[in-house]
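Using this note's numbering, read the sequence shown as starting at 2 and increasing by one per residue.
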Amino acid sequence: KGLATQSSTLGHYVANNAIDGNGSQFSNTSYQDNPWFSVTLPKNVYVNSIQIVNRIDCCKDRSSDFDVTLFDDMGNKIWTYYQKDSQDIFNFNEINHVGRTVKMQLRSGKMLNISNIKVYGKGIDYSSEPPGRKVSVDL
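The structure is reproduced here in structure tokens:
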């Protein structure tokens, strides 16, 4: 699943709610400048796509004007996408990069809430082949 974190937490709406698979729960930051949510995957993943499900019972406009960024295991930015408008479900496809951490960060001051985030791809296993070769395995 990974390790979910966020810039702050409002009440009991912890970051882990966005990766627990329960669509009726959500993560929520406090009101602040440029709030963010991040999930670090258990290992490097060749990421094909990322899906972020917005909170749809209310407040979906909070998830607009943001960047989604994929970082490698050294913290280097390797892919980013700017999303201007709010949607119920955001699908970011054809990413096709190896990464470890996905971060969503608003460009303004408000709250950030996410119902669910999914990262689709194949885990990279560096230990099953001689050095210098990378082999993809299912997560």
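Glycine included, every Cβ here is placed at the ideal spot set by N, Cα and C.
These figures come from a predicted structure and were not determined experimentally.
For ASN29, which of helix, strand or coil comes out of DSSP?
Taking the sequence shown and counting its residues from 1, the one referred to as residue 29 is at position 28. The three-state reading of DSSP puts ASN29 in strand, counting E and B together.
When you compare each of PRO36, GLY3, GLY12 and ASP34 to ILE20 by their alpha carbons, which one comes out closest?
Indexing the sequence shown from 1 puts residue 20 at position 19. The residue with the shortest Cα to Cα distance from ILE20 is GLY3.
DSSP-derived helix/strand/coil call for LYS61:
Your numbering for residue 61 matches position 60 in the sequence shown. It is helical.
Give a yes or no on whether the C-beta atoms belonging to PHE72 and ARG108 are separated by under 9 Å.
Counted from its first residue, the sequence shown places residue 72 at position 71. Counted from its first residue, the sequence shown places residue 108 at position 107. No, they are not a contact pair.
Three-state class that DSSP yields for ASN94 in the structure shown:
Working through the sequence shown from its first residue, we reach residue 94 at position 93. Reduced to three states, the DSSP call for ASN94 is coil.
C-beta contact flag for ASN49 and GLU95 at 9 Å
Along the sequence shown, read from residue 1 onward, the residue named residue 49 stands at position 48. Along the sequence shown, read from residue 1 onward, the residue named residue 95 stands at position 94. Yes; because the gap between Cβ atoms is below 9 Å, this pair is in contact.
Tell me MET105's beta-bridge partners as DSSP assigns them.
In the sequence shown, residue 105 corresponds to position 104, counting from 1. According to DSSP, which records beta bridges pairwise, MET105 is partnered with PHE38 and VAL69.
Where does ASP23 fall in DSSP's three states?
Walking along the sequence shown from the start, residue 23 turns up at place 22. Going by the sequence as given, residue 23 is Asn instead of Asp. Three-state DSSP puts ASN23 in coil, outside helix and strand.
Check the Cβ-Cβ distances between ASN114 and every residue of chain C, and say whether any is below 9 Å.
The chain labelled as chain C is not found in the depicted structure, where only one protein chain is given.
Can you round the beta-carbon distance between ARG56 and SER116 to whole angstroms, since I take them to be within the 8 Å contact cut?
Taking the sequence shown and counting its residues from 1, the one referred to as residue 56 is at position 55. Taking the sequence shown and counting its residues from 1, the one referred to as residue 116 is at position 115. Beta-carbon to beta-carbon, ARG56 and SER116 are separated by about 5 Å, close enough to satisfy the 8 Å threshold.
Based on DSSP bridge pairs, tell me the residues matched to GLN88.
Here residue 88 is taken as the residue at index 87 of the sequence shown, counted from 1. Under DSSP, GLN88 shares a beta bridge with no residue.
In this structure, does DSSP put ASN55 in helix, strand or coil?
Numbered from its first residue, the sequence shown carries residue 55 at position 54. Looking at ASN55 - three-state DSSP - the assignment turns out to be coil, as it is neither helix nor strand.
In whole angstroms, give me the CA-to-CA distance for SER28 and TYR14.
If you number the sequence shown from 1, residue 28 lands on position 27. If you number the sequence shown from 1, residue 14 lands on position 13. The C-alpha of TYR14 is placed about 5 Å away from the C-alpha of SER28.
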